[in-house]
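The following block contains the structure:
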């Protein structure tokens, strides 16, 4: 009696090589994978918005990169002594408004350009839960 099913998996044609550009986005697991790739000298870009956990927010990140949206003063807010963006991890928060915007926009421009030439994309999800800003109507 055979209690397992044998599945033949064909080799993937588009293999990762050191010539590949690799884009990683999502949970902290993406960052851990990125460290392994970096240590092995792969060309990577990881989490240009910081750690992002849910699929809707990750989709929004891709939309921003696709449009190369430039963030302005209207896209950030001041709270607890620093400027923040709802679209970015707190690591982007700075005391200086211009520095916050410059860091955000530089990462968007660089990541958008990198993504256009990317051969492999890794998406890691941390949760399926999303939170909606009731007043502003976005996730």
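Numbering (this note's numbering), first residue to last: 149 to 287.
Idealized CB from N, CA, C, for every residue including glycine.
With 16 other CB atoms within 10 Å as the buried threshold, where does residue i fall?
i	result
residue 227	exposed
residue 275	exposed
residue 248	buried
residue 288	In the structure as shown, the chain begins at 149 and stops at 287. Residue 288 is therefore absent and cannot be evaluated.
Are the Cβ atoms of residue i and residue j separated by less than 9 Å?
i	j	result
residue 262	residue 160	no
residue 198	residue 238	yes
residue 282	residue 204	no
residue 311	residue 256	Any property of residue 311 remains undetermined from this structure, which presents the chain solely from 149 to 287.
Helix, strand or coil, according to DSSP, for residue i in the structure here?
i	result
residue 263	helix
residue 124	The chain is shown from 149 up to 287; residue 124 falls before or after that span and cannot be answered.
residue 273	coil
Who are the near neighbours of residue i in its chain, counting only those whose CB is closer than 6 Å to its CB and skipping five residues on each side?
i	result
residue 182	172, 192 and 194
Return the residue from the list the options that minimises the CA-CA distance to residue i.
i	options	result
residue 180	206, 217 and 272	272
residue 265	156, 151, 176 and 214	214
residue 164	280, 267 and 287	267
Please work out which residues of its chain come closer than 8 Å, Cβ to Cβ, to residue i, disregarding the five sequence neighbours upstream and downstream, and give them in chain order.
i	result
residue 209	173, 196, 197, 200 and 235
Can you find the residues in the same chain that come closer than 7 Å, C-beta to C-beta, to residue i, ignoring five residues on each side of it along the sequence?
i	result
residue 189	166
Counting only C-beta atoms, is residue i closer than 9 Å to chain C at any point?
i	result
residue 193	Among the chains of the structure shown, chain C does not appear; only one protein chain is present.
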